[in-house]
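The next block holds one structure in the form of structure tokens; read it before the comments.
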Amino acid sequence: MLLLFLIWNTVTKKSEDQVQNDFYIITNQIRKMNKLVVVEQDFSSMQKTKVTSQLFGGMLPNVEKEIITFTKTNAQVSYDLNKMKLDVDSINKKLIIKELPTADIKIRPSVEIQSLDDSFFDRFEEKDFKKITQSAKDNAYKTVNQNRLRNEGRIQLLENLDHIFVLAKALNYTIEDETGTLDTSKL
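In terms of this note's numbering, the sequence shown opens at residue -15 and continues consecutively.
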């Protein structure tokens, strides 16, 4: 009777430990990914700005000043996986995806002045520099195709989530998608 009790106790205890470990392994893998930068792109452009001014009411010939700026832009799509909502049903061995995080797009332009040509009578002022650098930054924002970047980021996010799904499958979990965005037939 004592032997039967010890065997029963060992079998049931191992089963509960395994369920706990499965849950921990899956949730820990997701926590490790935390905030995931999935796509990063760099762009650069040069912009030439010419300003023509009339001095002394047009009595003198027009004066031109010119500035060339170089803009480097870094664009990133990231997903905060802490915002991903999922349930791990360790009893029925199900990984239920309730909500995927939205894309966070960050565009960081930096503008450098490459060349500056102004005259003694008509100098660039601080407000001119601010206006020109802001114009270069605005052009950088327009250059980035955010829809394409978002789509590429979504594809990469799903590829990265496949690693979690492979782990879940290895632990004999079924994956249920309540978001309707994943193709569970491939999982």
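For glycine and all other residues, C-beta sits at the position ideal for the given N, C-alpha and C.
Could you check the C-alpha separation between residue i and residue j for me, to the nearest Å?
| i | j | result |
| --- | --- | --- |
| Thr53 | Leu100 | 9 Å |
| Ile139 | Glu50 | 44 Å |
| Leu142 | Asn(-7) | 42 Å |
| Lys90 | Gln60 | 5 Å |
| Val125 | Pro93 | It is Tyr, not Val, that sits at residue 125 in the sequence shown. Spanning the two alpha carbons is a distance of roughly 8 Å. |
| Asp106 | Glu24 | 41 Å |
| Asp102 | Glu48 | 7 Å |
| Asp71 | Leu20 | 20 Å |
| Glu96 | Ser119 | 13 Å |
| Lys(-2) | Lys153 | Bear in mind that the predicted position of Lys(-2) carries a pLDDT of just 48, short of 50, making it unreliable; the figure below should be weighed with that in mind. In a straight line, the C-alpha of Lys(-2) is about 20 Å away from that of Lys153. |
| Thr33 | Phe113 | 11 Å |
| Asn129 | Glu110 | 31 Å |
| Ala87 | Val150 | 23 Å |
| Ser37 | Gln98 | 22 Å |
Taking DSSP's pairing of strands, which residues face residue i in a bridge?
| i | result |
| --- | --- |
| Leu100 | Ile51 |
| Phe27 | Thr57 |
| Ser37 | Val47 |
Is the Cβ-Cβ distance between residue i and residue j less than 8 Å?
| i | j | result |
| --- | --- | --- |
| Asp26 | Asn58 | yes |
| Ile81 | Glu136 | no |
| Val22 | Ser62 | yes |
Rounded C-beta distance between residue i and residue j? I'm assuming under 8 Å.
| i | j | result |
| --- | --- | --- |
| Lys77 | Tyr157 | 5 Å |
| Leu84 | Thr165 | 6 Å |
| Thr127 | Ser29 | 7 Å |
| Asn144 | Gln31 | With 8 Å as the limit, Asn144 and Gln31 do not qualify as a contact, their Cβ atoms being about 36 Å apart. |
Do you know whose CA, among the options, lies nearest residue i's CA?
| i | options | result |
| --- | --- | --- |
| Leu155 | Leu(-13), Ser74, Leu(-12), Asn46 | Ser74 |
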